[in-house]
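Protein chains in written order, with my numbering: chain D, 15 to 402; chain E, 335 to 979. Structure first, commentary second.
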């Protein structure tokens, strides 16, 4: 365990709370006590990175590494600063390569290494890095998106599209969309007990939604079944049933339930979602999927992912410009939507707009790495001497 | 303005649509570096077919060329000058003279290839501070100036470039060195212009040095978007969004008291497509013309031939990209340059003057504070976003440093500043009292007590970070045509406000004031409770929520127009920048699209426009109304002569 001064501890605490200004001031106080402390330098690098001040982050991270060549959080900050700053892919390759060796299980290091290789036009090395990332974590969406982009560049959209779909399925935000449409944002504090649910439609459907949010498909299915036993044509219940089937890969049943729900309530957004997703998963039904997602966009136009789903179906129809417009709208609604960023990059590539495509990929990496909060994982491991 | 450039075409020529061969009042120039290949030795300094290059430049309507002195080759031994090598500079001047072009001779430049200041006999002494080397530098400068004292091809001397200045460790050392060089030149040549070759805004970013006092003692300055500055201020696509405004922002930061050349026009890396390079360069050149530059200088004549060293091809140096490829073949950007030069030549800047800027964006003094203060990092970005909002509102706008005289301004925007000096608050109060309007967005921390009196609000505290900005209109129409919205955007601060006499124009979702307006003396003071400019800058400026950008430009535009700082020619397209040059019998309007897609901007004048003509000539189009449409290509620009009924 590395010893830390009280000032550094205060700086850490402030940094974890997101109080960048106060944390920077505390770091400078800590530097006044010991200007050779790599932890302070690494923390400063992270804070500068949080403010998107890349040159300052590079300076501090480099200083930290000079003080301690094993300072892995500093490598992370340095690599991210190089990538986000742009135009420094050669230096970035070296940093990610180093970090991938020091922290072998750090999936992001391999993904970033691949992106740095790709930016420096080393496609084979990039592919190897992304494949290595997927070996470590088969659900790593960004590595899959990058493979899709690489496939698009080499083989065209027809072969890249399945990879984009696969990456989309790995993206957990799609389920989030369903729950936003359903109006259930948070997971239940405790598992839903079917026996405790009041025997009326509203209570059962609300409990089923919560159970779905908690990924308890059996409870949800049971509650939906009880509702449908009483009223077979309840569109809300049918829409929930469609989603349950969808999660169980029973696409025919999901389609049947969603269609039935929509025949009763044609604008029901949750049913539109399930039907659109089913169509999108089945080969040759992109036109249907696009129509359903257009209808969904009318119902829930403020949700970025709706436009992403529409754009993906348009990609399948080779309507790249329209797809690009839908992706751009999604990015406007949610700049942090990694899926939209990669999709937009694909749309740009089909138009030969390589620099803009590269920019979207970099922004996707930006938001993805910001979301992950890797710095603190490495920082805590480093401060504990590698025991975390 | 260069006084001794070749005679301009006559106004009659311009009316006839005859493009002058040379741009005199708004020169288009290029940096002509001595070496264009990484494998070349420093000794190959201008050892190329200079005459052919100058002929090609002349054909492209380039009228001004910056050439670089190499101390290393000219003085290989202490006090011993190599006359044979010096002849190469004579050849450069001869080539310039042959094509009736002018040069800027730059003495101490670092291009990271030609080792121009790396005199072997200096050992490890610093050429910026060592007294002995300073003597040798003065000797070199005076020798060159004396040699060329009657050379008509030289328009100006430049003491050094930004890369060289960035090596200074202190402002005092830089000031002393610059004055020594200036005085050394003046001892020999009292006539020619002396240029300070660095922009204050970019140099403070790169080196932390505030060189404004040094810059102010020179007649001419430059503004140059360096690679580090671009990475800091607007790293992203070059053909839309903030990147298309950075050049003019940095130019405006050059101050109003100076002639400023928009320098270093062009892209920084070779991984940009030639189409993007051309589009970006077009935008930067027109921006310079529209924002009071004295001319434009392109970044480089020819691409650098980099070594194909494995595994890394790309080089981070910012001087790599020229307007010709490594074989000397012209890239599409050179055609853009020629077209621009032709347009600029048709705008007689003695007959047409830009409309005065009555709106200003305040650059706070805290911007020059070093770390750990973050103001130096946040403020320039906030100011850039404010500048973009003002441009999108079509306001003629300039940047004003804190402490600068506010005379001539009618509206002032203070974007997201954390603190202002007491003197500035006093100045702001006097400004508003006498009829000016101020828009100030809260920048975090404790609000100054002056806020209460000036803005009529009681500061109750900082609510801190908010992930959503909500706007509910309480007083429709009071500050422009605002609409209610809820959008996701992280704002770092939110001022909780109590009543102090101001009118609440808009609130957040809970009723806490978001926008207030207060009549103070003869003027109006508008308070925004959140640092929206900083929030845009620190989130994703290329994907900022439309509602927030609409709010900012509506507030800026409405307040400025009400204060008499609005545009003379209005426009309905935010992405179109409009600049008006007023003449006696006609005006010239230049419209530049900051969008990568085709668009049509509708311009609305105060008077009925009789006809519109492209400044380059052609048939006049009758208008007969105050409004007319201007189709714009992606990143396109047009310059039109307007006559009025």
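Every residue, glycine too, gets a C-beta built ideally from N, C-alpha and C.
Between residue 743 of chain E and residue 765 of chain E, what straight-line distance do the alpha-carbon atoms span, to the nearest angstrom? What you label residue 743 of chain E is simply residue 409 of the second chain in a count that begins at 1. What you label residue 765 of chain E is simply residue 431 of the second chain in a count that begins at 1. Cα-Cα distance, rounded: 9 angstroms.
Excluding five sequence neighbours on each side, which residues of the same chain lie with their C-beta closer than 6 angstroms to the C-beta of residue 618 of chain E? Here the question's residue 618 of chain E lines up with position 284 in the second chain. Around residue 618 of chain E, the same chain offers 581 and 599 as residues with beta carbons nearer than 6 angstroms, after the five sequence neighbours per side are excluded.
Proximity below 7 angstroms, CB of residue 751 of chain E to CB of residue 778 of chain E: The residue labelled residue 751 of chain E in the question sits at position 417 within the second chain. The residue labelled residue 778 of chain E in the question sits at position 444 within the second chain. Contact annotation: residue 751 of chain E and residue 778 of chain E have beta-carbon atoms that are not nearer than 7 angstroms.
Give me whichever residues DSSP pairs with residue 797 of chain E in a beta bridge. Walking along the second chain from the start, residue 797 of chain E turns up at place 463. DSSP lists no partner for residue 797 of chain E.
Under 7 angstroms, Cβ to Cβ, is there at least one residue of chain D near residue 655 of chain E? Here residue 655 of chain E refers to the residue found at position 321 when the second chain is read from its first residue. Judged by the 7 angstroms Cβ criterion, residue 655 of chain E is not in contact with chain D.
Expressed to the nearest angstrom, what Euclidean distance is found between the alpha-carbon atoms of residue 895 of chain E and residue 499 of chain E? Sequence index remark: in the second chain, residue 895 of chain E carries index 561 (1-based). Sequence index remark: in the second chain, residue 499 of chain E carries index 165 (1-based). So the alpha carbons of these two residues sit roughly 41 angstroms apart.
Decide yes or no for the touch test of the region 721–735 of chain E against the region 843–854 of chain E: beta carbon pairs closer than 8 angstroms, at least 3 of them. With a cut-off of 8 angstroms, the region 843–854 of chain E and the region 721–735 of chain E do not count as touching, because too few Cβ pairs lie within range.
Using the beta-carbon count (16 or more within 10 Å), is residue 713 of chain E buried or exposed? Sequence index remark: in the second chain, residue 713 of chain E carries index 379 (1-based). By the neighbour-count rule (16 or more Cβ atoms within 10 Å), residue 713 of chain E is buried.
Beta-carbon proximity check, residue 120 of chain D vs residue 144 of chain D, cutoff 7 angstroms: The residue labelled residue 120 of chain D in the question sits at position 106 within the first chain. The residue labelled residue 144 of chain D in the question sits at position 130 within the first chain. Result no, Cβ atoms of residue 120 of chain D and residue 144 of chain D do not sit closer than 7 angstroms.
Sequence ranges, beta strand (DSSP E) only - wholly within the region 705–757 of chain E, length at least 3: DSSP assignment within the region 705–757 of chain E yields the following whole beta strand (DSSP E) runs of 3 residues or more, N-terminal first: 731–735 and 745–748.
List the whole-angstrom C-beta distance separating residue 395 of chain E from residue 675 of chain E, where the pair is believed to meet the contact cut-off of C-beta under 8 angstroms. In the second chain, counting from the first residue as 1, residue 395 of chain E sits at position 61. In the second chain, counting from the first residue as 1, residue 675 of chain E sits at position 341. Confirmed, about 4 angstroms.
Can you grab the Cα-Cα spacing for the pair residue 520 of chain E / residue 489 of chain E, in whole Å? Within the second chain, the letter at position 186 stands for residue 520 of chain E. Within the second chain, the letter at position 155 stands for residue 489 of chain E. CA-to-CA, the gap between residue 520 of chain E and residue 489 of chain E works out to about 14 angstroms.
Please confirm whether residue 39 of chain D has its beta-carbon closer than 7 angstroms to some beta-carbon of chain E. Translated into the one-based positions of the first chain, residue 39 of chain D becomes position 25. Yes, residue 39 of chain D lies at the interface with chain E (some Cβ there is under 7 angstroms from its Cβ).
Touch check for the region 382–399 of chain D and the region 82–100 of chain D: three-plus C-beta pairs under 8 angstroms? Flag = yes, the region 382–399 of chain D and the region 82–100 of chain D touch.
Can you grab the Cα-Cα spacing for the pair residue 958 of chain E / residue 914 of chain E, in whole Å? For the purposes of this step, residue 958 of chain E is identified with residue 624 of the second chain, where counting begins at 1. For the purposes of this step, residue 914 of chain E is identified with residue 580 of the second chain, where counting begins at 1. Our two residues, residue 958 of chain E and residue 914 of chain E, have alpha carbons roughly 19 angstroms apart in a direct line.
Which whole-angstrom value is the C-beta distance of residue 356 of chain D and residue 60 of chain D, which I expect to be below 8 angstroms? Indexing the first chain from 1 puts residue 356 of chain D at position 342. Indexing the first chain from 1 puts residue 60 of chain D at position 46. Rounded, the Cβ-Cβ distance is 26 angstroms, inconsistent with contact.
Exposed or buried, what is residue 493 of chain E when buried is set at 16 or more other beta-carbons lying within 10 Å of its beta-carbon? Position 159 of the second chain, counted from the start, is the residue given in the question as residue 493 of chain E. Only buried fits residue 493 of chain E, as 16 or more other CB atoms lie within 10 angstroms of its CB.
With a threshold of 8 angstroms, are at least 3 pairs of Cβ atoms found where one atom belongs to the region 933–948 of chain E and the other to the region 653–669 of chain E? The region 933–948 of chain E, when compared against the region 653–669 of chain E, does not touch it at the 8 angstroms Cβ threshold.
State the Cα-Cα distance for the pair residue 348 of chain D and residue 749 of chain E, rounded to the nearest angstrom. Within the first chain, residue 348 of chain D is the residue found at index 334, counting from 1. Within the second chain, residue 749 of chain E is the residue found at index 415, counting from 1. Those two C-alpha atoms are separated by around 25 angstroms.
Where residue 523 of chain E sits in the DSSP three-state scheme: Position 189 of the second chain, counted from the first residue, corresponds to residue 523 of chain E. Residue 523 of chain E falls in the coil class under three-state DSSP.
Apply the 10 Å Cβ neighbour rule to residue 212 of chain D and answer buried if 16 or more other Cβ atoms are within range, or exposed otherwise. Numbered from its first residue, the first chain carries residue 212 of chain D at position 198. It is exposed - the Cβ of residue 212 of chain D has fewer than 16 other Cβ atoms within 10 Å.
Do residue 439 of chain E and residue 384 of chain E have their CB atoms nearer than 7 angstroms? Within the second chain, the letter at position 105 stands for residue 439 of chain E. Within the second chain, the letter at position 50 stands for residue 384 of chain E. In this structure, the beta-carbon distance from residue 439 of chain E to residue 384 of chain E does not fall below 7 angstroms.
Bounding residues of the alpha helix (DSSP H) (the contiguous stretch that carries residue 635 of chain E): The count along the second chain starts at 1 and reaches residue 635 of chain E at position 301. Looking at the DSSP string, residue 635 of chain E is not in any alpha helix (DSSP H), and its letter there is neither H nor E.
Starting from residue 489 of chain E, trace the beta strand (DSSP E) in both directions and tell me its first and last residue. Position 155 of the second chain, counted from the start, is the residue given in the question as residue 489 of chain E. Unbroken beta strand (DSSP E) run through residue 489 of chain E: 488–495.
Where residue 663 of chain E sits in the DSSP three-state scheme: Looking up residue 663 of chain E in the second chain gives position 329. Residue state, collapsed to three classes: coil.
If we count Cβ pairs, one from each stretch, closer than 8 angstroms, do we get three or more for the region 29–40 of chain D versus the region 527–546 of chain E? No, the region 29–40 of chain D is not in contact with the region 527–546 of chain E.
Under 8 angstroms, with one C-beta from each stretch per pair, do the region 564–580 of chain E and the region 623–640 of chain E reach the 3-pair mark? Segments in contact, no.
Since residue 740 of chain E and residue 761 of chain E are thought to touch, with beta carbons under 8 angstroms apart, how far apart are those beta carbons, to the nearest angstrom? Walking along the second chain from the start, residue 740 of chain E turns up at place 406. Walking along the second chain from the start, residue 761 of chain E turns up at place 427. Their Cβ separation, rounded to whole angstroms, is 6 angstroms, which keeps residue 740 of chain E and residue 761 of chain E in contact under 8 angstroms.
Mind listing the chain E neighbours of residue 34 of chain D? Cutoff is C-beta to C-beta under 9 angstroms, in chain order. In the first chain, residue 34 of chain D corresponds to position 20, counting from 1. In chain order: 708 and 826.
Examine chain E for any beta-carbon lying closer than 7 angstroms to the beta-carbon of residue 23 of chain D, and answer yes or no. Numbered from its first residue, the first chain carries residue 23 of chain D at position 9. It does not: the Cβ of residue 23 of chain D has no partner Cβ on chain E nearer than 7 angstroms.
Kindly indicate which three-state DSSP category residue 482 of chain E falls into: helix, strand or coil? Here residue 482 of chain E refers to the residue found at position 148 when the second chain is read from its first residue. If DSSP states are grouped into helix, strand and coil, residue 482 of chain E belongs with coil.
In chain order, what residues of the same chain lie with their CB nearer than 6 angstroms to the CB of residue 382 of chain D, ignoring the 5 residues before and after it? One-based indexing of the first chain puts residue 382 of chain D at position 368. Around residue 382 of chain D: 156 and 352.
With three or more C-beta pairs closer than 8 angstroms as the rule, is the region 161–171 of chain D touching the region 134–151 of chain D? Cβ pair count under 8 angstroms is three or more, so yes.
Around the Cβ of residue 539 of chain E, are there at least 16 other Cβ atoms within 10 angstroms (buried) or fewer (exposed)? For this step, residue 539 of chain E is matched to residue 205 along the second chain. By the beta-carbon neighbour count (other beta carbons within 10 angstroms, threshold 16), residue 539 of chain E is buried.
Quick one: does residue 307 of chain D have its CB under 7 angstroms from some CB of chain E? Along the first chain, read from residue 1 onward, the residue named residue 307 of chain D stands at position 293. At a cut-off of 7 angstroms between beta carbons, residue 307 of chain D makes no contact with chain E.
Assigned secondary structure, residue 687 of chain E (DSSP; H/G/I helix, E/B strand, else coil): Here residue 687 of chain E corresponds to residue number 353 of the second chain, with the count starting at 1. Correct three-state label for residue 687 of chain E: strand.
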